[in-house]
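S.K.:
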Amino acid sequence: MDHLSLRLETQQSPVADEVSAITSVVRPILTGLLLAQKADIVNEAGGHEKLKLKMLPRVYREGDGDCGICFEYAVHSAVLHKDPMVLERVHDALAKHCKLPGEAPSSMLFAAEKAGVNQLVDTSLALLTADSQLMYGTQGRPVKLKKHLRNVADAFRKRKNPPNLPQSIAGLWKADLFLGMSDLDKWVGTSVKINPSQLESARGLRVGIVPSKQGASDLPYKDDSKNMIVCPLKHDGDFMEVFYSGWQVIRSFLKADANVPKEVNLPQPALRQVARYLADRREYPVLDVVAALEDFAQPHLLATSERSADLVKTRDGQVEVSTVVAPVPKSV
Numbered sequence: 000m001d002h003l004s005l006r007l008e009t010q011q012s013p014v015a016d017e018v019s020a021i022t023s024v025v026r027p028i029l030t031g032l033l034l035a036q037k038a039d040i041v042n043e044a045g046g047h048e049k050l051k052l053k054m055l056p057r058v059y060r061e062g063d064g065d066c067g068i069c070f071e072y073a074v075h076s077a078v079l080h081k082d083p084m085v086l087e088r089v090h091d092a093l094a095k096h097c098k099l100p101g102e103a104p105s106s107m108l109f110a111a112e113k114a115g116v117n118q119l120v121d122t123s124l125a126l127l128t129a130d131s132q133l134m135y136g137t138q139g140r141p142v143k144l145k146k147h148l149r150n151v152a153d154a155f156r157k158r159k160n161p162p163n164l165p166q167s168i169a170g171l172w173k174a175d176l177f178l179g180m181s182d183l184d185k186w187v188g189t190s191v192k193i194n195p196s197q198l199e200s201a202r203g204l205r206v207g208i209v210p211s212k213q214g215a216s217d218l219p220y221k222d223d224s225k226n227m228i229v230c231p232l233k234h235d236g237d238f239m240e241v242f243y244s245g246w247q248v249i250r251s252f253l254k255a256d257a258n259v260p261k262e263v264n265l266p267q268p269a270l271r272q273v274a275r276y277l278a279d280r281r282e283y284p285v286l287d288v289v290a291a292l293e294d295f296a297q298p299h300l301l302a303t304s305e306r307s308a309d310l311v312k313t314r315d316g317q318v319e320v321s322t323v324v325a326p327v328p329k330s331v
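Quick look at the structure:
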């Protein structure tokens, strides 16, 4: 079985000064953007190890879902790392609304397509057993999740002519995560959307995770029109705000051709200082810059861990993305 390297950047300490905190987050974002580019394009520019920072804007292909994908990884990792700001709401949604009164909430990441090769990315494949049940929110017997994984992943690729799935989970291919209670061995299909208006219902989906709307409650609730439990997440003034600041720095920096952006494009002094750190090192390889910025980052804000994830392919092809990097919020 093939493997994918997952590099998790977990928040360890409260944010101190803004510049060093943003620098801590910029490092994994920069690494993630580099490793997410197609290998043949990067190799033409010197390879991952030698690609200079000034060349990254030329090989980077911006996607509309870049930030949303990072949000999915952040939510997934927050559950795994028991971040109370996320875990408490997820536990409430699972226990009170999905009737899963367990004590060990967990998450499995479902990414059905990477670089044109359909696959199931599962950071906790060992959690699944032959008896793992998928609870889908309508009357009927729960289905065995592991039994249907390959067909669910294949349905993502063959949307016009999907393989046969039980009617009760026909839309499960739209899931981003499987949330559940590992001690109960019961799971629910979960959609994670950074834009709440994009949350859609589908057969097999039970929970939707979105940012909370301004002035609205952040308590989980049932949306009867979608037959889904909506779990809003508050993140203003916390890790995700720092993450978005780092995301803004990188986007502005790349659009400025690896130079300090115009002040109108990046007016905040702290963000411009981080951009200067990058611009001063544009002639050096990206990975060397990431390593050098460690001296300017907030000590112990982020801890790096790396783990291997199993890939279950649904068709042949070469996997071009070998590493996934994502921020992980964590309260201390």
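Taking numbering that gives the first Met the number 0, I'd label the letters of the sequence shown as residues 0 to 331.
Cβ atoms here follow ideal geometry from the backbone N, Cα and C, with glycine treated the same way.
With three or more C-beta pairs closer than 8 Å as the rule, is the stretch 180-187 touching the stretch 50-64?
M.R.: Segments in contact, no.
S.K.: Where do the N-terminal and C-terminal ends of the beta strand (DSSP E) with Asp222 fall, by residue?
M.R.: Locating residue 222 in the sequence shown gives position 223, where the first residue counts as 1. Note, Asp222: beta strand (DSSP E), 220-222.
S.K.: Three or more beta-carbon pairs under 8 Å between the stretch 131-140 and the stretch 199-219, yes or no?
M.R.: They touch, by the three-pair rule.
S.K.: With DSSP run on the structure shown, which of helix, strand or coil describes Phe149?
M.R.: Residue numbering aside, residue 149 sits at position 150 when the sequence shown is read from its first letter. First, the amino acid is wrong: residue 149 is Arg here, not Phe. Helix at Arg149.
S.K.: So for Gln166, helix, strand or coil by DSSP?
M.R.: For the purposes of this step, residue 166 is taken as residue 167 along the sequence shown, with counting starting at 1. Reduced to three states, the DSSP call for Gln166 is helix.
S.K.: Provide the residue span of the beta strand (DSSP E) that contains Gly136, from first to last.
M.R.: Walking along the sequence shown from the start, residue 136 turns up at place 137. Counting along the chain, Gly136 falls outside any beta strand (DSSP E), and DSSP gives it neither H nor E.
S.K.: What residue from Val85, Thr22, Tyr220 has the CA that sits closest to Leu232's CA?
M.R.: Numbered from 1 along the sequence shown, position 233 holds the residue referred to as residue 232. Selected option, being the one with the closest Cα: Val85.
S.K.: Between the beta-carbon of Gln272 and the beta-carbon of Val24, is there less than 8 Å?
M.R.: If you number the sequence shown from 1, residue 272 lands on position 273. If you number the sequence shown from 1, residue 24 lands on position 25. Contact: no.
S.K.: Cα separation between Lys81 and Val142?
M.R.: As a working note, residue 81 is residue 82 in the sequence shown. As a working note, residue 142 is residue 143 in the sequence shown. The straight-line gap from Cα to Cα measures roughly 27 Å.
S.K.: I'd like the list of long-range same chain contacts for Phe295, defined as Cβ closer than 8 Å, with 5 residues on each side in sequence excluded.
M.R.: Locating residue 295 in the sequence shown gives position 296, counting from the first residue. Val18, Ser19, Thr22, Tyr276.
S.K.: Starting from Val285, trace the beta strand (DSSP E) both ways and give me its first and last residue.
M.R.: Numbered from 1 along the sequence shown, position 286 holds the residue referred to as residue 285. Val285 -> not in any beta strand (DSSP E); alpha helix (DSSP H) instead, spanning 285-291.
S.K.: Around the Cβ of Leu34, are there at least 16 other Cβ atoms within 10 angstroms (buried) or fewer (exposed)?
M.R.: Locating residue 34 in the sequence shown gives position 35, counting from the first residue. Buried is the call here.
S.K.: Please go through the same chain and pick out, in chain order, the residues whose beta-carbon is closer than 6 Å to the beta-carbon of Asp16, but skip the five residues on each side of it.
M.R.: Locating residue 16 in the sequence shown gives position 17, counting from the first residue. There are no such residues.
S.K.: Who are the near neighbours of Val41 in its chain, counting only those whose CB is closer than 7 Å to its CB and skipping five residues on each side?
M.R.: Here residue 41 refers to the residue found at position 42 when the sequence shown is read from its first residue. Within the same chain, Val41 has close Cβ partners His47, Leu50, Val58.
S.K.: How would you call Ala215, buried or exposed, if buried means at least 16 neighbouring beta carbons within 10 angstroms?
M.R.: By 1-based counting over the sequence shown, the position of residue 215 is 216. Exposed, by the Cβ-count rule.
S.K.: Would you call the stretch 84-103 and the stretch 164-179 touching, i.e. three or more CB-CB distances under 8 Å?
M.R.: Yes, they touch.
S.K.: Leaving out the 5 sequence neighbours to the left and right, which residues in its chain are closer than 6 Å to Arg26 when beta-carbon positions are compared?
M.R.: As a position in the sequence shown, residue 26 is number 27, starting the count at 1. The answer, listed in chain order, is Val289, Leu292.
S.K.: Cutting at 6 Å between CB atoms, please list the residues of its own chain near Arg281, excluding the five before and the five after it.
M.R.: Locating residue 281 in the sequence shown gives position 282, counting from the first residue. Once the five neighbours on either side are set aside, the close Cβ partners of Arg281 are Leu52, Lys53, Ala257.
S.K.: Tell me which residues share the same chain as Ser211 and place their Cβ nearer than 7 Å to its Cβ, disregarding the 5 neighbours each side in the sequence.
M.R.: Position 212 of the sequence shown, counted from the start, is the residue given in the question as residue 211. These residues qualify, in order along the chain: Asp217, Pro231, Leu232, Lys233.
S.K.: Since Ser196 is in the beta strand (DSSP E), which residue starts that stretch and which ends it?
M.R.: Here the question's residue 196 lines up with position 197 in the sequence shown. No beta strand (DSSP E) contains Ser196, which DSSP labels as neither H nor E.
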